[in-house]
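Here is the structure we will look at.
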Amino acid sequence: MIVEFYPLDVGYETNVDGKGAILLFGRTTTGQKICVFDTTYEPYFYVFAKHRDAMKHLKESIEALKIEQDHHISFVTKVEITKMRYMDKDVEVLKVYVPVQKDLDAIREEVRVLRDVGDVREGDLPIQKRYLVDKDIVPLALYKVEGEAFERSMHVDLCIMAESISLVDSEFLEKPKILAFDIEVYCQDKHFPIAEKDPVLMIALYSNYGFQKVLTWKKFSSELPVEFLEDESALLRRFEEILEQENPDYLVGYFSDGFDIPYLAARAKQNHLKMHLGDGFKVARRGEVSVGKIKGIIHLDIFKFIKQIMGGSLKLESYSLRNVVENLLEEKKYDIAIEEIGVVWDEQPEMLEQFCSYNLQDAKLALLLCEKVLPNMNELVRVTGQPLFEICRSSYSQLVEFYFMKRAREFKEIYPNKPNNQEVAWRRMHTYEGAFVYEPKPGLYEHLVVLDYRSLYPSLIVAKNITPSMLSEERKETYETPFIEEDGKKIKYFFSSKEEGFIPLIVKDLILRRNRIKELIKKEEKKNFVLEARSYSLKIIANATYGYFGFFGARWYSRECASSITAFGRQYIQDVIQKSEESGFQVVYSDTDSVMVVLGEKTKEDIFRFLKEVNEQLPSLMEVELEDFYSRGIFVTKKGEDKGAKKKYALISEKGDMKVVGFETIRRDWSFIAKEVQKKVLEMVLRGSKIEQALEYIQEVLTEVKNEQIPKEKMIIQTQLKKKISGYDLVGPHVMVAKRMRELGEDVGPGSVIKYIVTKGKGLVRDKARIPEEAEDYDPDYYIRNQVLPAVEKIFEVLGHNLKELESDKTQNRLQKFWNHG
DNA sequence: TGGTTCCACAT
DNA sequence: CAGTTTGGAACCA
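Following my numbering, the numbering of the first sequence begins with 537 at its first residue and continues without gaps.
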């Protein structure tokens, strides 16, 4: 029979006969769930021979390999001598096939130590990941499978043994069935719930096709779509039953890899339940993090994607559901004291409805967030060819590597291996020089223009053919880097200009594809979210490519390439600085890929003419763009020095939008009061208020701080714990407070954001730091000296007012009082 | 006081 | 588990 279907996920299994099969889970065009089996695909890896003459003999010795381990005999099914490419050069290698994945590890290690073996490649890849790449199957596009249907209990409607699979249409599955869920759990005394002890009380489900429900196991009257179950066991069973009945394409949660799925798995175990659904809820370990797996349903943890991928551009203070929703959606999270749920459950079950509606709302929010970021994830599926399950949990480096691996196969490129521990250690130690930053002259400026290179690093990779394979010993027909300092010596790198490397080529594809999409966006009248998402996805992969070259875990790691990119970057930005000055524009500032100049007597037309001139001389896709015009800008000095501080300034655009960079205003580890005061003062300065006004304002605030009139919430300082409490050599205030929180039974570890207030008292700051709830007062002296004044001092200095000088100025004794301990 | 450690941010 | 540069607070010797 022939069936059209959208592949959604891929798996692999070996049956009792020791045969392996690839499983493609998907949805047919008629809405059925399907599992397509492909038993024709065999695991393989590549072997380089030390010398060409050794090829034939090596082939024979590999073919003869047999290893017995745990009553299983691993052997080699076939060895081919084949022509491939490695580092953009033709190579002849052995391609070694084995029956199933588990033979791969055993045979690979045995081959590695054979005489005449140069190196083994691609032996460390899970077979299901490379299947999609090798067969050029992109999840979510429409395919046609021809084969025999057969019976098997799989929790799918249809199983097919594939004879052939081919593309029908590259348009993606349009309306996937999405079911979002959220659980609420018993807890007592504000303690975080413990899976071995505290049962699951509610599970909410919210779909994009009308289905909504809350499951719970205590009765109360309710207007909501609540279903009451006998006990926790029945609740878990019913949840599973609903998943089977509803059979969604995606099951979506927020932080469900980290909480909901492991919790459900633990509760099922406590209740001695064997879940029907496939192998039940599985929590796989992937390095440090866990991943929730449910066979047959694609579980997406939307938190991971929002934090890891969207986080790059969102830059939120926290990725709690509440904060993310506030920034991305119209809808809000309900306000309710969720830690009370245990007490209410035990003592006032008639009040449980509010918790149900909170529960349902959270599930709804997970769904809305999923719908919001799905276009982004879909585009990454299209570009990398990996299923949503992977994309949703990927880091930037993985996205780049997926893309490289997919495209590499088109060029018949063999992948480099992952680094071993020793290599990783070496790479981590050897850093290189980064971008150029201009030292600004402190002051208040007017009529500024910012110019910047469009995608500087990706465009340099393309223009200079920067890739490990094109590093050349010869100087002729090459692109030559400026001098680079390495181990105290000045050297240059050369990249061949004779042929284009496959990496610069596929980076160029990303840039060109994105440019085409941007043209389409311009033509559209309404905002087209799908096109925006495509553009965004292409951009993040292109931009992460440079970082990937310098990343210690990368297959295509190359410090030479990473440091050449920054070296060219420094050269090209210096060029623009020099040309600006030659054309009569005073340069105020520059960082990495941007330059800020004073317009002065010149006109906007002069700037456009200058841009055109510069761009005419730039190679390849490189281009300088106009970022914006600003009416004012302020640059301040470094603390305790006369030099201008880098990466610290504030601008106001001609349209009136403020842009604050590097100031405490936008840093998490400063108190709200200091940030608020600084922001207001900056605004006054940039909008052209008189200095007296700003001075008056700051004096008012200082009086309030001194008289302890400021609510303590504004005094909270937040710092993130970057490692385990025990791992600190130097105990700062936030570590001290974290220790106290742990004493109180809170779960604080790496990543926890610690809030504290500095209270009155003697000794070090850490001895005076308290958890906000335990802080009885705040130390006005500390907040004036270490928070409020430092936040504004430098700004006033630029305006010619030294707050410290006011000390000796008797006419200004109001301020003096504050400076001298009050 | 200068040196070290730690954190957040810019790009 | 994308890179380096930078400023600045807090602690330590």
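Beta carbons are placed, not taken as given, at the ideal position from N, Cα and C, and that holds for glycine.
Note that the coordinates shown come from a computational prediction; the quantities given were computed from them, not determined experimentally.
- Nearest C-alpha to residue 694 among 616, 572, 649 and 591: 572.
- In the three-state reduction of the DSSP assignment, residue 692 falls in the coil class, being assigned neither a helical nor a strand state.
- Residue state for residue 747 is assigned as coil, using DSSP reduced to three classes.
- By alpha-carbon distance to residue 556, the top candidate from 545, 576, 566 and 568 is 576.
- In the assembly as shown, residue 922 is a buried residue. Its beta-carbon has 16 or more other beta-carbons within 10 Å.
- Between residue 771 and residue 787 the beta-carbon gap is near 17 angstroms, outside 8 angstroms, which marks them as no contact.
- Looking at 744, 1008 and 801, the one whose alpha-carbon comes closest to that of residue 908 is 744.
- Runs of the alpha helix (DSSP H) spanning 4 or more residues and lying entirely within the region 563-635 occur at 591-599, in chain order.
- Non-local beta-carbon contacts of residue 549 in its own chain, meaning distances under 8 angstroms to residues more than five positions away in sequence, involve 556, 557 and 559 in chain order.
- Residue pairing for residue 683: DSSP places it in a beta bridge opposite 698.
- Where residue 1229 is concerned, the enclosing alpha helix (DSSP H) starts and stops at 1227-1242.
- Runs of the beta strand (DSSP E) spanning 3 or more residues and lying entirely within the region 833-892 occur at 834-837, in chain order.
- The criterion of a C-beta distance shorter than 8 angstroms is not satisfied by residue 1171 and residue 900.
- At the C-beta level, residue 982 and residue 1223 stay beyond 8 angstroms of one another.
- Rounded to the nearest angstrom, the gap between the Cα atoms of residue 997 and residue 736 is 52 angstroms.
- Bounds of the beta strand (DSSP E) holding residue 1196 are 1194-1197.
- A straight-line Cα-Cα distance of about 11 angstroms links residue 631 and residue 585.
- If you look at residue 543, you'll find it in the beta strand (DSSP E) that goes 538-550.
- In this structure, the alpha-carbon of residue 905 lies about 36 angstroms from that of residue 964.
- In the structure shown, residue 791 adopts coil according to DSSP, grouped into three states.
- Rounded to the nearest angstrom, the gap between the Cα atoms of residue 941 and residue 668 is 11 angstroms.
- Taking 8 angstroms as the cut-off, the Cβ atoms of residue 1257 and residue 1225 do not count as close.
- Rounded to the nearest whole angstrom, the C-alpha separation of residue 760 and residue 875 is 22 angstroms.
- Given a length threshold of 4 residues, each whole run of the alpha helix (DSSP H) inside the region 1057-1139 is given here in chain order: 1065-1085 and 1095-1118.
- Taking all protein chains shown into account, residue 962 has fewer than 16 neighbouring C-beta atoms within 10 Å of its C-beta and is therefore exposed.
- Residue ranges of uninterrupted alpha helix (DSSP H) with 4 or more members, entirely inside the region 885-930 and ordered along the chain, are 889-920 and 924-928.
- Between the alpha carbons of residue 732 and residue 554 lies a distance of about 38 angstroms.
- Of the residues assessed, residue 700 falls on the exposed side of the cut-off, its CB having fewer than 16 other CB atoms within 10 angstroms.
- By the Cβ rule, the region 1085-1092 does not count as touching the region 1054-1068, because fewer than three pairs are nearer than 8 angstroms.
- Residue 1073 sits close to residue 919, with the two beta carbons spaced by under 8 angstroms.
- When only Cα atoms are considered, residue 1277 and residue 1283 end up about 8 angstroms apart.
- For residue 1336, the number of other beta carbons within 10 angstroms of its own is below 16, and it is reported as exposed.
- By the 16-neighbour rule on beta-carbons within 10 angstroms, residue 689 is exposed.
- Within 10 angstroms of the beta-carbon of residue 1139 lie fewer than 16 other beta-carbons, which makes it exposed.
- By the neighbour-count criterion, in which 16 or more other beta carbons inside 10 Å mark a residue as buried, residue 1112 falls on the buried side.
- Listed in chain order, the non-local C-beta contacts of residue 639 below 6 angstroms within the same chain comprise 610, local neighbours out to five positions each way being set aside.
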